[in-house]
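All remarks here apply to the structure that follows.
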Amino acid sequence: MDETPFIQAAKRGDVESFNRLVLSYQDMVFNVAYRIMGDRDAAADAAQEAFISAFRNLHQFQGERFKSWLMRIVTNACYDELRRRQRRPASSLENLYEVTDQVDFPAASHEDSPEQIAQQHELNDAIQDCISALPENQRVIVVLVDVEGYSYQDIVSIVGAPLGTVKSRLSRARTQLRDCLQAVQELLPAQYRLSNERES
Numbered sequence: 017m018d019e020t021p022f023i024q025a026a027k028r029g030d031v032e033s034f035n036r037l038v039l040s041y042q043d044m045v046f047n048v049a050y051r052i053m054g055d056r057d058a059a060a061d062a063a064q065e066a067f068i069s070a071f072r073n074l075h076q077f078q079g080e081r082f083k084s085w086l087m088r089i090v091t092n093a094c095y096d097e098l099r100r101r102q103r104r105p106a107s108s109l110e111n112l113y114e115v116t117d118q119v120d121f122p123a124a125s126h127e128d129s130p131e132q133i134a135q136q137h138e139l140n141d142a143i144q145d146c147i148s149a150l151p152e153n154q155r156v157i158v159v160l161v162d163v164e165g166y167s168y169q170d171i172v173s174i175v176g177a178p179l180g181t182v183k184s185r186l187s188r189a190r191t192q193l194r195d196c197l198q199a200v201q202e203l204l205p206a207q208y209r210l211s212n213e214r215e216s
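Residue numbering for the sequence shown is 17 to 216, as defined by my numbering.
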């Protein structure tokens, strides 16, 4: 889809054109927010805030890649929400034990057995737990690069950090994720498990 006519119309206040952009990007925006926030409700709030902010600030969009511009707004909305939570952490028992639907990493195949599907869900939960344990600045980068597949140049534009910083944060995040996931290595595909020989 050529976004330019919709962006130009939305800049003139055409809400319907902006809604077309929202429909194109809503799944991607939610998935990024979910992986950063680790919580569906918080991700939905961050995604909504991001779209509201994008509409209000569309006049500032200067023809760069719209996707990167929007992702910068989404990550900032997530940062804001994470900081707000640190200032006022949730203490409700309901929140501590809330069961939510999961956004899966790889989808289970139709040919998978119930046991394989259950293991895949367990692995998805473990991956999300390990991502959520990362520092904010590393979490954002590993989600954008390894989950969403953005290039380094896109990440530099989205997070506003130099390339060297992006690579360094990504390297540290990957190391922490690898170490974290060794606790559930029986769920990992064989090529990702650390063997005793390699550990010694």
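Beta carbons: idealized from backbone N, C-alpha and C, even for Gly.
Owing to the predicted nature of the structure, the values given are computational and were not obtained by experimental measurement.
From the options, residue whose alpha carbon lies closest to that of residue i
i	options	result
GLN42	GLN24, LYS83, ALA25, PHE77	LYS83
PHE22	PHE77, GLN144, ALA93	PHE77
GLY9	VAL38, MET44, GLY29, ALA63	With the chain running from 17 to 216 in the structure shown, residue 9 is simply not present.
VAL200	LEU150, GLY180, PRO151, LEU139	LEU139
ALA49	GLU152, GLU32, ARG36, GLN136	GLU152
PHE46	GLU80, LEU37, ARG36, ALA58	ALA58
LEU86	ASP30, THR181, PHE34	PHE34
TYR148	LEU98, GLY79, GLY29, GLN24	Correcting the residue identity first, residue 148 is Ser in this sequence and not Tyr. Cα-wise, what sits closest to SER148 is LEU98.
ALA93	LEU37, ILE52, GLY79	ILE52
ASP61	GLU80, ARG36, THR91	THR91
Nonlocal neighbours in the same chain, by C-beta distance under 6 Å from residue i, ignoring five residues either side
i	result
GLU19	PHE82
Close-in-space but distant-in-sequence residues of the same chain around residue i (CB under 8 Å, 5 per side omitted)
i	result
ARG190	VAL158, ASP162
ILE89	ALA66, SER69, ALA70, ASN73
Cutoff 7 Å; reference residue i; Cβ partners in own chain excluding five residues on either side
i	result
ASP170	SER84
CYS196	CYS146, ALA149
Does the contact criterion of 3 or more C-beta pairs under 8 Å hold for the segment 156 to 164 versus the segment 175 to 190? yes
Check whether the segment 178 to 190 touches the segment 58 to 78, counting contact only when three or more Cβ pairs, one atom from each stretch, lie closer than 8 Å. no
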